[in-house]
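Colleague:
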Amino acid sequence: MRKLIFSFFLLFSALTLHAQQHNMVIQADQIGAQIQPTMYGLFFEDINYGADGGLYAELVKNRSFEFPQNLMGWVTFGNVKLMNDGPFERNPHYVRLGNSGHGHKHTGLENEGFFGIGVKKGAEYRFSVWARGQKQRIRVELIKNSTMEENQVFAARDLEIDSKEWKKYEITLRSNLTEPKAHLRIFLTSGGTLDLEHISLFPVDTWMGRENGLRKDLVQALYDIKPGVFRFPGGCIVEGTDLETRYNWKNTVGPIENRPLNENRWHYTFTHRFFPDYFQSYGLGFYEFFLLSEDIGAEPLPILNCGLACQFQNGNPEAHVAVCDLEPYIQDAIDLIEFANGDTSTTWGKLRADMGHPEPFNLKFLGIGNEQWGKEYPERLKPFVEALRKAHPEIKIVGSSGPNSEGDQFEYLWPEMKKLEVDLVDEHFYRPEAWFLNSGMRYDSYDRNGPKVFAGEYACHGRGKKWNHFNAALMEAAFMTNLERNADIVHMATYAPLFAHVEGWQWRPDMIWFDNLRSVRTCSYYVQQLYALNKGTNVVPLNMDGKPVAGVEGQDGLFASAVWDAESGCYIVKVINTSNKPQPVELSFAGLGKKESLADGTITTFHSDNPDLDNTVDNPTAIIPVESKITIEGNTLKTEVGAKSFAMYKFKKIKK
Ligand code: AHR
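Our numbering applies: residue 392 is where the sequence shown begins, and numbers increase by one.
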């Protein structure tokens, strides 16, 4: 028994008190592969109410009365009729308000917004409507949710309608209250008949103050990552529930009033939860996506449908476009390049100019197909590649390796992508913690002569619960040393999904959560940001006992990578300790010239004592990276990396 206790004591001491020191050597004189400016980016999909109800700042749900239940999201009172011969061909429905008759004080309607309408005290809201009616007047109000006992009006304006022809009217409302779940109420205050269409409410204070704009706090979070690439519009929505409902970029450009509504494939989750009011207004369309890419300094990467509807949902070959009928889909791709880059004298280039952007968007990358699989995919991709190479050899084409990180389909598709000579292959991996821990060497053995890698969707789905807890983010940070070390072949990486409304999510974890007024940057966000803001310009070899530090045997759960940043003249070393014990680590910068040295630098630590903790909208800064100064003696730093910690060291190279 005593012996047993003693052995336990020895084991305990070994694990805690005397953890072995690890010596990591950074070859400071071996400035290696260039890290692409596109390396760390963002992937946007309209899932979890990411667009309508999220990033797209429109506050009115079903503004054009085109949901299949035309009045969904609205409550009407008095004498309201639904009509369908309105001024916008592709959105023909509108409402006719008439004399309220007996028993009703007013005729009007009330919109519930997306989980309510979030308004802030003192902030201004731009109300606009297309209307027809002579000498009519409406009152427009922001009110407390009408299900509450007493309605409370906290903004109200009258609007005169002065024409019997359809015309756009606009007024601004200022809210005297902060309320996450307001409603918009409109009612007739004159006698007579009035038609209303495309009823819209936006905060005036959108990102860059744009009308038809985006939610400022959410774009700010994207901007603060300084992403290198922006992939859009999805995901499964590119494929659609069926081809009819695939994302069709041509329907998303031009005047917003005439962009037809589309079903959102995410109105059904994989676990069969149903969101009957989840549609795409396309108010956030391809023009807005290109503009956003430009605003946040990222290369736009649109993904187009390759003639396959979502293969998870459509086993029947008839559900897809026959290879011989792909021509219109290929033309869509060619036209998109014209829309983004074409001269303003071209059809699509002119539309871009008419929409407000005569300068080209400088599109360089185009993805064909999302998570496709089987021979159906390469046989459809082939004619796209042939046509695009001919018409636009300057565009880099992104193909797909299917929905899994390994396995039959993955093994089949990679060689097919090589045969087709696509430029990048989009890999997806939503995997558990163990996968992330064991994949630290994934890209070390990849063929350097084929297409480059785009890790287009990934996230650690850890501990049986798909939450954004700290430990999942730590696993991602550990795995990302592998992306960084292999930056010669990994040219892009984007975490997924990006956004989720706390009341309307279909998928988790996600990078940024929000409600109607607040948003929160998750631990995974901070990991992405630490990498993106500190990606450097070149890989530098970092070894421990002659091996890359990638969580392999004998490395005690440590992961590390190093880069040189030519712009700031700094070495940046990222060390992730995934184990439960603090670990002494020595960082030696080898190969510096006789007259070179390192200045004292900084250490940024990202850690939580509770690996199950996450940031929430109520407590958004529970876990954030903390930066402090650190002293280095000579070219060696003796340090300790805390248990379950991400530590990032930055030292400037100086002349002695
Ligand atoms: O990111 C959520 C979904 O995951 C994407 O729509 C799809 O590409 C993948 O299956």
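Ideal Cβ positions, reconstructed from N, Cα and C, are used throughout, including at glycine.
Run the proximity test for residue 819: is its beta-carbon closer than 8 Å to any non-hydrogen atom belonging to the ligand AHR?
Modeller: Taking the sequence shown and counting its residues from 1, the one referred to as residue 819 is at position 428. It does: the Cβ of residue 819 is within 8 Å (strictly closer) of some heavy atom of the ligand AHR.
Colleague: For residue 706, tell me which candidate among 690, 520, 633 and 972 has the shortest Cα-Cα distance.
Modeller: On the sequence shown, position 315 is the one that residue 706 refers to. Closest option to residue 706, Cα to Cα, is 633.
Colleague: Beta-carbon within less than 8 Å of residue 992's beta-carbon, same chain only, minus the 5 sequence neighbours each way: which residues are those?
Modeller: Against the sequence shown, residue 992 aligns to sequence position 601. The answer, listed in chain order, is 961, 1020, 1021, 1023, 1040, 1041, 1042 and 1043.
Colleague: Secondary structure at residue 938, three-state DSSP: helix, strand or coil?
Modeller: For the purposes of this step, residue 938 is identified with residue 547 of the sequence shown, where counting begins at 1. Residue 938 falls in the strand class under three-state DSSP.
Colleague: Consider the C-beta atom of residue 626 and the heavy atoms of the ligand AHR; say whether any pair is separated by less than 8 Å.
Modeller: Within the sequence shown, the letter at position 235 stands for residue 626. Indeed, a heavy atom of the ligand AHR lies less than 8 Å from the Cβ.
Colleague: What are the boundary residues of the alpha helix (DSSP H) that includes residue 866?
Modeller: Counted from its first residue, the sequence shown places residue 866 at position 475. It spans 861–876 - the alpha helix (DSSP H) in which residue 866 sits, taken as one unbroken run.
Colleague: Need the endpoints of the alpha helix (DSSP H) that residue 684 sits in, please.
Modeller: Within the sequence shown, the letter at position 293 stands for residue 684. Segment 677–687, the alpha helix (DSSP H) holding residue 684.
Colleague: Got a sec? Which residues, its chain only, sit under 6 Å from residue 539 by beta carbon, not counting five neighbours each side?
Modeller: Numbered from 1 along the sequence shown, position 148 holds the residue referred to as residue 539. Because the pLDDT at residue 539 is just 48, under 50, the model does not fix this residue reliably, and the point stays unresolved.
Colleague: I need the straight-line Cα distance from residue 422 to residue 812, nearest angstrom please.
Modeller: Taking the first residue of the sequence shown as 1, we reach residue 422 at position 31. Taking the first residue of the sequence shown as 1, we reach residue 812 at position 421. So the two alpha carbons sit approximately 29 Å from each other.
Colleague: Would you kindly check if the distance between the Cβ of residue 523 and the Cβ of residue 552 is under 9 Å?
Modeller: On the sequence shown, residue 552 is found 161 positions in, with the first residue counted as 1. On the sequence shown, residue 523 is found 132 positions in, with the first residue counted as 1. The answer is yes: Cβ separation under 9 Å.
Colleague: Taking 9 Å as the threshold (C-beta atoms), are residue 886 and residue 902 in contact?
Modeller: What you label residue 902 is simply residue 511 of the sequence shown in a count that begins at 1. What you label residue 886 is simply residue 495 of the sequence shown in a count that begins at 1. Contact: yes.
Colleague: Taking DSSP as the reference, what is the three-state secondary structure of residue 743?
Modeller: On the sequence shown, position 352 is the one that residue 743 refers to. If DSSP states are grouped into helix, strand and coil, residue 743 belongs with the helices.
Colleague: Going by beta carbon distance, what residues of the same chain come within less than 7 Å of residue 752, once the five residues before and after it are set aside?
Modeller: For this step, residue 752 is matched to residue 361 along the sequence shown. The residues are 681, 685, 691, 731 and 732.
Colleague: Just to confirm, are residue 572 and residue 504 a CB contact at a threshold of 9 Å?
Modeller: Stepping through the sequence shown from its first residue, residue 572 is reached at position 181. Stepping through the sequence shown from its first residue, residue 504 is reached at position 113. Yes, Cβ-Cβ distance for residue 572 and residue 504 is below 9 Å.
Colleague: Buried or exposed: which applies to residue 1008, given that a residue is buried once 16 or more other Cβ atoms fall within 10 Å of its Cβ?
Modeller: What you label residue 1008 is simply residue 617 of the sequence shown in a count that begins at 1. So residue 1008 ends up on the exposed side.
Colleague: For residue 852, which residues from the same chain have a beta carbon less than 8 Å from its beta carbon, with the 5 sequence-adjacent residues on both sides left out?
Modeller: On the sequence shown, position 461 is the one that residue 852 refers to. Here the set comprises 821, 822, 823, 863 and 900.
Colleague: Opposite residue 524 in the DSSP bridges: which residues?
Modeller: Within the sequence shown, numbered from 1, the residue matching residue 524 stands at position 133. 554, per the DSSP bridge assignment.
Colleague: At the 9 Å Cβ level, is residue 581 part of the contact set with chain C, yes or no?
Modeller: The structure shown has no chain C; it contains just one protein chain.
Colleague: Exposed or buried, what is residue 727 when buried is set at 16 or more other beta-carbons lying within 10 Å of its beta-carbon?
Modeller: As a position in the sequence shown, residue 727 is number 336, starting the count at 1. The residue is buried, with at least 16 neighbouring Cβ atoms inside 10 Å.
Colleague: Skipping 5 residues on each side, what residues in its chain have a beta carbon closer than 8 Å to that of residue 782?
Modeller: Here residue 782 refers to the residue found at position 391 of the sequence shown. Within the same chain, residue 782 has close Cβ partners 725 and 728.
Colleague: State buried or exposed for residue 702, treating a residue as buried only when at least 16 other CB atoms are found within 10 Å of its CB.
Modeller: If you number the sequence shown from 1, residue 702 lands on position 311. Buried.
Colleague: How about residue 814 and residue 756: are their beta carbons less than 9 Å apart?
Modeller: Sequence index remark: in the sequence shown, residue 814 carries index 423 (1-based). Sequence index remark: in the sequence shown, residue 756 carries index 365 (1-based). Their beta carbons are under 9 Å apart, which means residue 814 touches residue 756 by this criterion.
Colleague: Between residue 429 and the rest of its own chain, which residues show a CB-CB distance below 7 Å, the 5 nearest in sequence each way excluded?
Modeller: Here residue 429 corresponds to residue number 38 of the sequence shown, with the count starting at 1. Result list for residue 429: 619, 620, 690, 882 and 883, in chain order.
Colleague: For the segment 756–836, list the alpha helix (DSSP H) runs that are entirely contained and at least 4 residues long, ordered along the chain.
Modeller: Segments of the alpha helix (DSSP H) lying fully in the segment 756–836: 767–782, 799–811 and 824–829.
Colleague: Should the segment 589–604 be called in touch with the segment 657–664, which here means at least 3 C-beta pairs below 8 Å?
Modeller: Contact fails: fewer than three Cβ-Cβ distances are below 8 Å.
Colleague: With respect to the alpha helix (DSSP H) encompassing residue 729, which residues constitute its N-terminal and C-terminal limits?
Modeller: Numbered from 1 along the sequence shown, position 338 holds the residue referred to as residue 729. Element bounds for residue 729: 718–732.
Colleague: Please name the residue, chosen from 440, 790 and 510, that lies closest to residue 693 on a Cα-to-Cα basis.
Modeller: As a position in the sequence shown, residue 693 is number 302, starting the count at 1. Of the candidates 440, 790 and 510, the one whose C-alpha sits nearest the C-alpha of residue 693 is 790.
Colleague: Out of 528, 586 and 971, state which residue places its alpha-carbon closest to the alpha-carbon of residue 1002.
Modeller: Working through the sequence shown from its first residue, we reach residue 1002 at position 611. Comparing Cα positions, the closest option is 971.
Colleague: Using 9 Å as the threshold, is the C-beta distance between residue 928 and residue 1035 below it?
Modeller: Start at 1 with the first residue of the sequence shown, and residue 928 comes out as number 537. Start at 1 with the first residue of the sequence shown, and residue 1035 comes out as number 644. Cβ distance not < 9 Å, so residue 928 and residue 1035 don't count as in contact.
Colleague: At the level of alpha carbons, what is the spacing between residue 595 and residue 527?
Modeller: By 1-based counting over the sequence shown, the position of residue 595 is 204. By 1-based counting over the sequence shown, the position of residue 527 is 136. Between residue 595 and residue 527, the C-alpha separation is close to 26 Å.
Colleague: Taking one C-beta from the segment 602–615 and one from the segment 472–482 each time, how about it: are there three or more such pairs within less than 8 Å?
Modeller: Output reads no: the segment 472–482 does not touch the segment 602–615.
Colleague: Can you give me the start and stop residues for the alpha helix (DSSP H) that residue 501 sits inside?
Modeller: Numbered from 1 along the sequence shown, position 110 holds the residue referred to as residue 501. Unbroken run through residue 501 is the beta strand (DSSP E), 499–502; no alpha helix (DSSP H).
Colleague: According to DSSP, is residue 455 helix, strand or coil?
Modeller: Residue 455 sits at position 64 when you count from the first residue of the sequence shown. Residue state, collapsed to three classes: coil.
Colleague: Does the segment 664–677 come into contact with the segment 738–754, if we say contact requires no fewer than three beta-carbon pairs (one atom in each stretch) closer than 8 Å?
Modeller: These segments do not touch.
Colleague: Grab me the residues of residue 569's own chain with a C-beta within less than 8 Å of its C-beta, minus the 5 sequence neighbours each way, in chain order.
Modeller: Here residue 569 refers to the residue found at position 178 when the sequence shown is read from its first residue. Contacts found: 510, 511, 512 and 908.
Colleague: So, helix, strand or coil for residue 914, using DSSP?
Modeller: Start at 1 with the first residue of the sequence shown, and residue 914 comes out as number 523. Residue 914: helix per DSSP, three-state reduction.
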